[in-house]
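Asks:
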Amino acid sequence: MEDKAKRKDFIYEGSNSFLGEVVAYSDAKYVIIPVPIEMTTSFLRGTRFGPREVINASISLENYDHETDREVKDEIYTLNELELPPNMEKSLECIKDTVSDVLQDGKIPILIGGEHTMTYGASIAFDKDTIFLVFDAHADFKKDMLGVEINHASTCRLINQNKEVIIFGVRSLNMNELEEIKKRKVSITYIEEADSKAKINNILKKIRGRKVYISVDMDVFDPSIAPGVGTPQPGGISYGLFLNVLKKVVATADVVGADVNEVRPILEEKSTETLAAKIIEDLISLIDKNSSK
Ligand SMILES: [Mn+2]
Numbered sequence: 376m377e378d379k380a381k382r383k384d385f386i387y388e389g390s391n392s393f394l395g396e397v398v399a400y401s402d403a404k405y406v407i408i409p410v411p412i413e414m415t416t417s418f419l420r421g422t423r424f425g426p427r428e429v430i431n432a433s434i435s436l437e438n439y440d441h442e443t444d445r446e447v448k449d450e451i452y453t454l455n456e457l458e459l460p461p462n463m464e465k466s467l468e469c470i471k472d473t474v475s476d477v478l479q480d481g482k483i484p485i486l487i488g489g490e491h492t493m494t495y496g497a498s499i500a501f502d503k504d505t506i507f508l509v510f511d512a513h514a515d516f517k518k519d520m521l522g523v524e525i526n527h528a529s530t531c532r533l534i535n536q537n538k539e540v541i542i543f544g545v546r547s548l549n550m551n552e553l554e555e556i557k558k559r560k561v562s563i564t565y566i567e568e569a570d571s572k573a574k575i576n577n578i579l580k581k582i583r584g585r586k587v588y589i590s591v592d593m594d595v596f597d598p599s600i601a602p603g604v605g606t607p608q609p610g611g612i613s614y615g616l617f618l619n620v621l622k623k624v625v626a627t628a629d630v631v632g633a634d635v636n637e638v639r640p641i642l643e644e645k646s647t648e649t650l651a652a653k654i655i656e657d658l659i660s661l662i663d664k665n666s667s668k
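For the sequence shown, the numbering used here gives the first residue as 376, with consecutive numbering after it.
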């Protein structure tokens, strides 16, 4: 008892697992990986507590999805929070190894963060031909932050070293980032174009039939619906718009992994965590619906 109380890691069992699911690992199709990484936070702190709060919030969700007419049930296994060393390279390696194991077992990894840097760690576990579709208020294309090259504001640039990246919902970047994005011909959709049919169709054309990893930095949403993030930016997308894009993406591409990141819990205000949990449930429901066609 004393030992358990001393543990600093939160243990996910029964009602502490995503949607309260108690499924054997071998039977699960999806594996939730809680990644409490927070090392290069530049503004508001607390993203290390994101994973456990998103899982807590998931317990409040019901598992029937009226839109897909399905129950998200008996298919999710939640790993314990990763024990990350206080070193960025080693932490990314640990994330990569965990994702690799899940992929080798033929399951779909869904990570919950934690700072966005974790997506770079996860990306190393995927084939070169996997496209990374990133929803983010920021372009995350900085060369470095105060001389540190591996940081949350460089995520897309780091992934793009050897994988195609598509960035959606952007409203914050600097001129150097823009130049690099243009040089590398990276697809970027600004917030003003987020509901443009032509722009969405362009993205769908790129990902048709391809393996896609979806990364959702919660700051892509408007701060009025997702205030609990590390670096909020005014004027984001709505849940409705996100869901419309997600539906089209899942129907068009082969989703091989996903993450929801940068959740920063604010005391008793749980709308960001609930939204993060909901979009994971939506994603699972949509993948199931499409794979049973
Ligand atoms: Mn980001």
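Ideal Cβ positions, reconstructed from N, Cα and C, are used throughout, including at glycine. Note that this is a predicted model, so its numbers are computed, not measured.
Please find out if some non-hydrogen atom of ligand 1 comes closer than 8 Å to the beta-carbon of D318.
Replies: No statement about residue 318 is possible, as the shown extent of the chain runs from 376 to 668 and does not include it.
Asks: Taking 8 Å as the limit between beta carbons, can you name the residues of its chain near S392, skipping five residues before and five after?
Replies: In the sequence shown, counting from the first residue as 1, residue 392 sits at position 17. The answer, listed in chain order, is I407, I430, I451, Y452, T453.
Asks: D511 and S529 - do their beta-carbons sit closer together than 9 Å?
Replies: As a position in the sequence shown, residue 529 is number 154, starting the count at 1. As a position in the sequence shown, residue 511 is number 136, starting the count at 1. Cβ atoms of S529 and D511: not closer than 9 Å.
Asks: Sorted by chain position, which residues of the same chain lie with C-beta nearer than 6 Å to I654's C-beta, five sequence neighbours on each side aside?
Replies: Residue mapping note: residue 654 aligns to position 279 of the sequence shown, counting from 1. None.
Asks: Just to confirm, is the Cβ distance from V509 to I542 under 9 Å?
Replies: Taking the sequence shown and counting its residues from 1, one reaches residue 509 at position 134. Taking the sequence shown and counting its residues from 1, one reaches residue 542 at position 167. Contact: yes.
Asks: For E637, is the beta carbon positioned less than 8 Å from some heavy atom of ligand 1?
Replies: Numbered from its first residue, the sequence shown carries residue 637 at position 262. Checking every heavy atom of ligand 1 against the Cβ of E637, one is found closer than 8 Å.
Asks: Can you check which of these residues, S667, S660, A633, is closest to E437 by C-alpha distance?
Replies: Position 62 of the sequence shown, counted from the start, is the residue given in the question as residue 437. Nearest of S667, S660, A633 to E437, Cα basis: S660.
Asks: Quick check: I412 and G489, are their CB atoms within less than 9 Å of each other?
Replies: Reading the sequence shown from its first residue, position 37 is the one you call residue 412. Reading the sequence shown from its first residue, position 114 is the one you call residue 489. Yes, the pair counts as a contact, with Cβ atoms nearer than the cut-off.
Asks: Nearest by alpha-carbon distance to K572: which of L616, L459, E539, N537 is it?
Replies: The count along the sequence shown starts at 1 and reaches residue 572 at position 197. Ranking L616, L459, E539, N537 by Cα distance to K572 puts L616 first.
Asks: What do you reckon, are the CB atoms on M493 and L467 nearer than 9 Å?
Replies: Counting from one through the sequence shown, the residue named residue 493 turns up at place 118. Counting from one through the sequence shown, the residue named residue 467 turns up at place 92. Yes, these two residues count as a Cβ contact at 9 Å.
Asks: Might you give, ordered along the chain, the residues of its own chain that have their beta carbon closer than 8 Å to the beta carbon of E329, omitting 5 neighbours on each side?
Replies: A query on residue 329 cannot be resolved here, the shown segment of the chain reaching from 376 to 668 and no further.
Asks: Any idea what DSSP makes of D657, helix, strand or coil?
Replies: Numbered from its first residue, the sequence shown carries residue 657 at position 282. The answer is helix: DSSP assigns D657 an H, G or I state.
Asks: Restricting to Cα atoms, I'd like to know which of Y614, K560, L658, K465 is closest to V624.
Replies: Reading the sequence shown from its first residue, position 249 is the one you call residue 624. Per the C-alpha coordinates, the member of Y614, K560, L658, K465 positioned closest to V624 is L658.
Asks: Pop quiz: P484 and V474 are said to be a contact at Cβ under 8 Å. What is the actual Cβ separation, rounded to whole angstroms?
Replies: Here residue 484 corresponds to residue number 109 of the sequence shown, with the count starting at 1. Here residue 474 corresponds to residue number 99 of the sequence shown, with the count starting at 1. Going by Cβ atoms, the distance from P484 to V474 rounds to 5 Å, so yes, they are a contact pair.
Asks: With respect to the beta strand (DSSP E) encompassing N636, which residues constitute its N-terminal and C-terminal limits?
Replies: Counted from its first residue, the sequence shown places residue 636 at position 261. Unbroken beta strand (DSSP E) run through N636: 629-636.
Asks: Mark I487 as exposed unless 16 or more other C-beta atoms lie within 10 angstroms of its C-beta, in which case mark it buried.
Replies: Within the sequence shown, the letter at position 112 stands for residue 487. Counting Cβ neighbours within 10 Å, I487 comes out buried, since at least 16 surround it.
Asks: Enumerate, from N- to C-terminal direction, the unbroken alpha helix (DSSP H) stretches of 4 or more residues contained entirely within the region 531-595.
Replies: For the region 531-595, whole alpha helix (DSSP H) runs of length 4 or above, ordered along the chain, are 550-558, 572-582.
Asks: Reducing DSSP to helix, strand and coil, say where D378 ends up.
Replies: Position 3 of the sequence shown, counted from the start, is the residue given in the question as residue 378. With a pLDDT of 40 at D378, under the threshold of 50, the modelled position of this residue cannot be trusted; read the value that follows with caution. If DSSP states are grouped into helix, strand and coil, D378 belongs with the helices.
Asks: Considering only their Cβ atoms, is the gap separating F418 from P640 smaller than 9 Å?
Replies: Counting from one through the sequence shown, the residue named residue 640 turns up at place 265. Counting from one through the sequence shown, the residue named residue 418 turns up at place 43. Cβ atoms of P640 and F418: not closer than 9 Å.
Asks: At the level of alpha carbons, what is the spacing between S435 and K558?
Replies: Here residue 435 is taken as the residue at index 60 of the sequence shown, counted from 1. Here residue 558 is taken as the residue at index 183 of the sequence shown, counted from 1. The alpha-carbon atoms of S435 and K558 are separated by roughly 45 Å.
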